[in-house]
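Just so you know, we're using my numbering here: the sequence shown kicks off at 1 and counts up by one.
One structure below.
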Amino acid sequence: MSATVLSDTILEPQTASTKLIVHMEAEFVKCDCCGLTEECTPAYIERVRERYSGNWICGLCSEAINYEILRSDSLITAEEAMENHMNLCKKFTALKPPPNPTVHLITAMRQILKRSLDSPSSRALRSMPTSPTKKGSRVPPALTRTGSFFSSLSGS
1 MSATVLSDTI LEPQTASTKL IVHMEAEFVK CDCCGLTEEC TPAYIERVRE
51 RYSGNWICGL CSEAINYEIL RSDSLITAEE AMENHMNLCK KFTALKPPPN
101 PTVHLITAMR QILKRSLDSP SSRALRSMPT SPTKKGSRVP PALTRTGSFF
151 SSLSGS
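Structure (structure tokens):
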């Protein structure tokens, strides 16, 4: 009997909250920068459009625009920062995806690894061996290449 009472008390708040959610209006709106679609209330959409000269800007692009204003060497307005960000988004969306994304990702990671290993700062950060070495002896590199792993990707 107590289980029935408990379930009744749980169901009542849920039905009340679902009634509130049903009565809230929500619209789908597409970001004018990146094209992301969000579901927002009309009041929120209106506030964002007032802030950005009639343009709908998603939260991520809004943060990027604010960052653009902060990192700029000269004082720029929100409209100039928004225009810069919109141009960047247009350039990015105009790019075609690589023909083989897996190979593209592996190549990019290989380049990052090579750059990090070749940079002088990474050599300084590598730990030195704890055992003493003889003068003139060569210390082996921290990371060496033993072979290519591309052959394993092709199924050989």
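We treat Cβ as the ideally placed atom computed from N, Cα and C, and that holds for glycine.
Next item on the list: Answer yes if the region 66-75 comes into contact with the region 90-102, meaning at least three C-beta pairs across the two stretches below 8 angstroms, and no otherwise.
Entry: Taking 8 angstroms as the limit for Cβ pairs, the verdict is that the region 66-75 does not touch the region 90-102.
Notebook entry, point to check: Excluding sequence positions up to five away, which residues of its chain have a Cβ less than 6 angstroms from the Cβ of N55?
Noted result: Cβ within range, chain order: D32.
Notebook entry, point to check: Would you call I85 buried or exposed, if buried means 16 or more other Cβ atoms sit within 10 Å of its Cβ?
Noted result: First, the residue type needs correcting, since residue 85 is His and not Ile in the sequence shown. Buried is the call here.
Item checked: T77 in three-state terms, based on DSSP -> Coil.
Check: What whole-angstrom Cβ distance do F28 and T41 have, given they're in contact under 8 angstroms?
Finding: Their Cβ separation, rounded to whole angstroms, is 12 angstroms, which puts F28 and T41 out of contact at 8 angstroms.
Next item on the list: Starting from K96, trace the beta strand (DSSP E) both ways and give me its first and last residue.
Entry: First-last for K96: undefined, no H or E at that position.
Checklist line | Residues that V48 bridges to, as DSSP identifies them | finding: Per DSSP, V48 has no beta-bridge partner at all.
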